[in-house]
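Chains A and B supply the protein sequences, listed in that same order. To convert, note that position 262 of the first sequence is 262 in my numbering; the numbers rise steadily by one, no gaps. Here my numbering runs 335 ahead of the position in the second sequence, where the first position is 1. Note that CB positions come from ideal geometry on N, CA and C, so glycine has one too. The structure appears right after this line, and notes come after that.
Protein chains: 2
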Amino acid sequence: MKIKDIGEFGFIKLINKGLINNPEAVVQGIGDDTAVLAPSGKNQLLFTTDMMVEEVHFSLRYATYRQVGHKALAVNLSDIAAMGGKPTHAVVSLGVPPERAVEDLQELYRGMADLAARFGVNIVGGDTVKTAGQLVINVALLGEVAPGRAIYRSGAEEGDYILVTGTLGDSAAGLYLFQNQDVELAQEIGDTLRKRHLEPEPRLDIGPLLAETGLVTAINDISDGLAREISEICEASGVGCRLIDKKIPISEEARVLGEITGHSPVEWALNGGEDFQLVFTVEPDGLDEIEETLRKRGVAYGIVGVITSLEQGIGLVTEKGIQPLAKGGYDHFSG
Amino acid sequence: MKIKDIGEFGFIKLINKGLINNPEAVVQGIGDDTAVLAPSGKNQLLFTTDMMVEEVHFSLRYATYRQVGHKALAVNLSDIAAMGGKPTHAVVSLGVPPERAVEDLQELYRGMADLAARFGVNIVGGDTVKTAGQLVINVALLGEVAPGRAIYRSGAEEGDYILVTGTLGDSAAGLYLFQNQDVELAQEIGDTLRKRHLEPEPRLDIGPLLAETGLVTAINDISDGLAREISEICEASGVGCRLIDKKIPISEEARVLGEITGHSPVEWALNGGEDFQLVFTVEPDGLDEIEETLRKRGVAYGIVGVITSLEQGIGLVTEKGIQPLAKGGYDHFSG
């Protein structure tokens with residue numbers, strides 16, 4: 001069955017189930033001109049949006065519809081995590097070529113709904129429209145944070161430690177495997193890397209806890225590669241930094257793929273993007289407590305460098321000495 | 336200059352001016368992972384989103400980029416008006432073919448920013464990504480309403496009057512003129528109708544005031560034609576209605592165009608859509624006060640029918656007797 005066979009309103013009826021996970025906060029969900037929501041007390045609101053376009057941000061040659069739905073919400077959840085907040089409500093716009101199968105679009109919604117359920121997020125509205133050829137998904141997401149607790153990019157100071165969660169470069173390594181399908185590699189290793197690319201996990205397990213400590217001075221989520229994300233923090237904060245290449249956490253899987261293919265996993269970490277881990281800076285005397293917080297939650301991390309003065313610029317410490325770090329990252333309209 | 340020449344980040348710098356109209360409500364606007372907002376007191380939140388796709392919702396053969404920007408925000412503002420609320424903050428996603436001129440996209444933003452300024456709305460974030468051929472604009476909009484004051488589609492009761500604001504069918508008449516450019520018509524009349532189609536005016540001047548009276552039982556904004564909008568109210572409320580064709584307010588301009596072309600302006604009003612006026616129902620003993628409210632604000636209106644029992648169905652009273660009203664309206668994926 002194609003979406004043009006059941007129409008916009010038939011489709012809404014099909015997917016309008018299991019989208020409310022925190023009913024107390026919803027006065028009116030899907031079904032009126034707008035959703036009506038009850039914000040909790042005196043929190044500040046977080047508000048973000050991301051658009052994903054077929055063959056630009058994802059390809060159905062690699063990803064299932066369910067994974068596309070997962071990722072469309074995950075990238076927004078990651079932005080809330082990077083503010084130290086808690087996500088609450090989402091609205092979802094879908095631009096769909098009329099020939100697409102209803103079942104596939106239901107799968108896409110399932111990918112979103114499953115992830116929303118895990119974090120108590122309500123999907124409270126949306127729009128479904130026609131496009132000529134490309135599937136387009138836009139998610140707008142609300143979150144909350146206690147007043148004054150949001151963490152910006154601009155708070156890093158000279159002497160702060162730079163930490164990252166998880167391992168970096170796995171998503172880029174997974175994408176490399178999709179684009180180079182003749183690489184011979186143990187199935188398990190390939191599966192792990194491909195999944196990291198297709199099903200990123202927003203770090204909501206740790207972002208809000210980091211904010212609560214009051215010891216974290218700046219955070220970004222790593223959507224565009226560590227080089228760009230730390231550059232953004234340094235620019236916004238008016239500081240420089242030294243990243244230490246050997247301290248960037250690389251997974252065993254990415255290391256193996258790098259060896260087989262002659263690629264540098266550190267390069268994937270710096271400029272690959274879409275890991276959706278967090279990079280954050282910590283006051284010098286706060287490091288012990290932050291490490292304790294990370295360990296308690298079982299969050300893998302690495303101390304990858306330090307914040308310096310602005311004059312020292314943004315540098316990468318390597319065996320060959322300090323190299324200036326190119327900003328890197330993905331610009332939609334370059335090249 | 337094309338957007339691919341200055342890139343995503345260059346473009347953000349260009350448009351990131353004059354987007355905040357109510358700075359007190361903004362803790363952090365564009366420039367971090369998410370916006371941070373300060374909601375005012377104990378109001379409930381309204382949350383809505385609409386996606387507009389080139390050659391589906393608009394065509395640059397008819398509209399300027401500035402008008403496209405205006406309309407993308409206007410349709411969302413109209414949804415807030417139809418809840419009786421006040422709009423507060425928007426995030427804007429733009430999917431752009433790389434060959435588009437930066438100046439045109441700035442014009443698009445100007446159309447949005449000018450309208451936002453008129454209603455004290457802040458544009459606090461967004462996303463700018465690449466598409467293959469079609470321009471895609473998604474706006475997600477927040478608003479506020481006093482607890483319990485939001486007006487739904489579901490509150491209409493038997494005996495309520497049905498009112499509409501403004502005149503209906505003008506937008507469809509304007510679209511007809513774009514699609515039939517050989518129609519001979521006084522310039523002024525054509526200009527008025529074309530402008531109604533390209534630059535719809537959200538009824539924020541009256542929506543919140545209607546909500547405050549406590550006498551309005553249901554509202555919809557007329558995005559899909561009066562027939563569909565009143566049908567939605569009747570379905571949600573479990574009632575029927577009688578619309579009276581002669582009572583539907585038709586502009587002099589639409590009447591003239593109808594006469595010249597042999598089209599029925601009432602048909603445009605019922606099934607044309609995109610007028611973005613309001614249709615609403617009023618308790619029988621509240622009509623005097625509502626008419627007084629409308630008159631005081633200089634809002635043109637018509638009393639177009641009454642709510643009946645469910646059993647009587649949805650009917651249009653015409654010279655030929657009562658006809659069942661087809662739901663009509665635009666379905667993206669039908670036909």
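Residues that residue i contacts on chain A, provided the C-beta gap is smaller than 9 Å
| i | result |
| --- | --- |
| Glu594/B | Here the premise fails: no neighbours, minimum Cβ distance about 33 Å. |
| Val614/B | The premise fails here: Val614/B is roughly 11 Å from chain A at the closest Cβ pair, so nothing lies under 9 Å. |
Per-residue burial, residue i [other beta carbons within 10 Å of its own, 16 or more giving buried]
| i | result |
| --- | --- |
| Thr318/A | exposed |
| Leu215/A | buried |
| Gly298/A | exposed |
| Lys339/B | buried |
| Leu310/A | exposed |
| Ser40/A | exposed |
| Lys42/A | exposed |
| Met51/A | buried |
| Val410/B | buried |
| Asn220/A | buried |
| Gln134/A | buried |
Min CB distance residue i to chain B below 9 Å
| i | result |
| --- | --- |
| Gly143/A | yes |
| Met1/A | no |
| Arg153/A | yes |
| Asp221/A | yes |
| Tyr276/A | At residue 276/A the sequence reads Phe, which differs from the Tyr that was named. For Phe276/A, the answer is no, since every Cβ of chain B falls outside 9 Å of its Cβ. |
| Gly85/A | yes |
| Phe178/A | no |
Partner residues on chain B for residue i, Cβ-Cβ distance less than 9 Å
| i | result |
| --- | --- |
| Ala150/A | Val362, Gln363, Asp367, Thr369, Val371 |
| Val91/A | Phe382, Thr383, Thr384, Ala475 |
Beta carbon proximity, residue i to chain A, threshold 9 Å
| i | result |
| --- | --- |
| Arg632/B | no |
| Asp540/B | no |
| Ala481/B | no |
| Ala571/B | yes |
| Val403/B | no |
Chain E contact residues for residue i, given Cβ-Cβ distances below 9 Å
| i | result |
| --- | --- |
| Gly430/B | Here the protein chains are A and B, and chain E is not one of them. |
Within chain B, partners of residue i - CB distance below 7 Å
| i | result |
| --- | --- |
| Phe333/A | Ile338, Lys339, Gly342, Glu343, Pro433, Lys465 |
| Asn271/A | By Cβ distance, chain B contributes nothing, its closest Cβ being about 16 Å from Asn271/A, past 7 Å. |
| Ala82/A | Asp368 |
Residue i: contacting residues in chain A (beta-carbon distance under 8 Å)
| i | result |
| --- | --- |
| Asp414/B | Asp33, Thr34 |
Rounded separation between residue i and residue j - CA only
| i | j | result |
| --- | --- | --- |
| Ala407/B | Thr34/A | 16 Å |
| Gly670/B | Phe9/A | Summary for Gly670/B: the model assigns pLDDT 45, below 50, so the residue's position carries little reliability, and this model does not support an answer. |
| Thr93/A | Asp580/B | First, the amino acid is wrong: residue 93/A is Ser here, not Thr. Roughly 35 Å separates the two Cα atoms. |
| Lys199/A | His70/A | Before going on, a small fix: residue 199/A reads as Glu here, not Lys. Cα to Cα, the separation comes out at about 7 Å. |
| Ser154/A | Gly238/A | 8 Å |
| Asp620/B | Glu55/A | 58 Å |
| Gly560/B | Arg228/A | 48 Å |
| Asp439/B | Leu605/B | 34 Å |
| Thr466/B | Leu578/B | 44 Å |
| Leu210/A | Thr384/B | 31 Å |
| Phe668/B | Leu613/B | 25 Å |
| Lys17/A | Val124/A | 11 Å |
| Ala81/A | Ile151/A | 10 Å |
| Pro265/A | Lys320/A | 17 Å |
| Ala218/A | Tyr301/A | 16 Å |
| Gln379/B | Ala25/A | 10 Å |
| Gln471/B | Pro432/B | Checking the sequence shown, residue 471/B turns out to be Val, not Gln. Computed Cα separation, rounded: 9 Å. |
| Val129/A | His89/A | 21 Å |
| Leu163/A | Ala481/B | 43 Å |
| Thr213/A | Asp205/A | 14 Å |
| Asp182/A | Val256/A | 15 Å |
| Asn515/B | Ala508/B | 10 Å |
Interfacial residues, the segment 447-468 of chain B to chain A, with Cβ spacing under 8 Å: Val459, Gly460, Gly461, Asp462, Thr463, Val464, Lys465, Thr466, Ala467, Gly468
Could you please tell me which residues of the segment 351-385 of chain B, in chain order, have their CB closer than 7 Å to any CB of chain A? Val362, Gln363, Asp367, Asp368, Thr369, Ala370, Val371, Leu372, Ala373, Pro374, Gln379, Leu380, Leu381, Phe382, Thr383, Thr384, Asp385
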